[in-house]
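Worksheet: the structure to be examined is printed underneath.
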Amino acid sequence: MIAIGLFIVLGGLLGAALGYASKVFHVESNPLVDQIEDLMPGGQCGQCGEAGCRQAAEAMVKGDLNPAACPPGGAALSSAIAEMLGVSLEMSDDDIQWVAKIDESNCSGCTRCYKACPFDAIVGATKQMHTVIQDVCTGCQLCSQVCPQECLSIVSLSPSITTWCWPKPSTESPTELAS
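First residue of the sequence shown: 8, per the working numbering; consecutive thereafter.
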């Protein structure tokens with residue numbers, strides 16, 4: 008009974024010490040960085056050249072990283088970040104969605120791609136054939152970098168009923184387009 012009481016008191020003291028330490032050592036963060044990080048995919052894929060999404064958001068706010076540096080986020084994320092930062096963004100009209108594709112005849116089932124995918128877009132089991140869930144895949148290329156059989160490639164997603172969208176509006180008048 009004494010041991011239980013001792014552990015309760017010890018737990019309370021340690022909890023109070025941790026609460027006090029969190030107040031004393033609290034670091035204020037930039038709310039703009041927090042907002043940009045919340046918009047990002049959160050896969051920590053590193054395709055932008057930074058270690059993770061938080062570091063990428065900090066670099067974008069500092070101006071060291073282009074708002075269009077996140078390939079998994081696509082054009083929608085890039086334009087949203089550029090608008091938040093108040094910068095202009097030069098982008099192509101093509102918003103191509105990239106996904107991983109597994110050549111299943113060469114897949115050995117080593118699960119390296121499965122383990123490397125931060126978005127859980129690859130399904131399969133050890134020594135079994137793997138496949139990619141296209142609706143979840145962001146095309147971050149982490150899986151293709153670890154595949155020993157090189158049976159993974161990154162391809163553009165062909166338009167389907169769920170991925171097709173209207174062409175973006177043109178600034179040219181209809182008469183200019185006809186000529």
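Heads up, the beta-carbon is just placed ideally off N, CA and C, and yes, glycines get one too.
- The beta-carbon distance between Ile43 and Val68, rounded to whole angstroms, is 7 Å. This is short enough to meet the 8 Å contact definition.
- Secondary structure at Leu159: strand, using DSSP grouped into helix, strand and coil.
- Here Leu21 is exposed: its Cβ has fewer than 16 other Cβ atoms, across all protein chains shown, within 10 Å.
- Residues of the same chain with a CB within less than 8 Å of the CB of Leu159, apart from the 5 flanking positions on each side, are Ala107, Lys108, Ile109, Asp110, Cys120, Cys150 and Ser151 in chain order.
- Per DSSP, the unbroken beta strand (DSSP E) holding Ile109 starts and ends at Trp105 to Ile109.
- The residue among Asp45, Leu164 and Lys30 with its C-alpha nearest the C-alpha of Trp105 is Leu164.
- Listed in chain order, the non-local C-beta contacts of Met136 below 6 Å within the same chain comprise Glu111 and Cys114, local neighbours out to five positions each way being set aside.
- Under the Cβ criterion (8 Å, minimum of three pairs), the segment 123-139 does not count as touching the segment 27-34.
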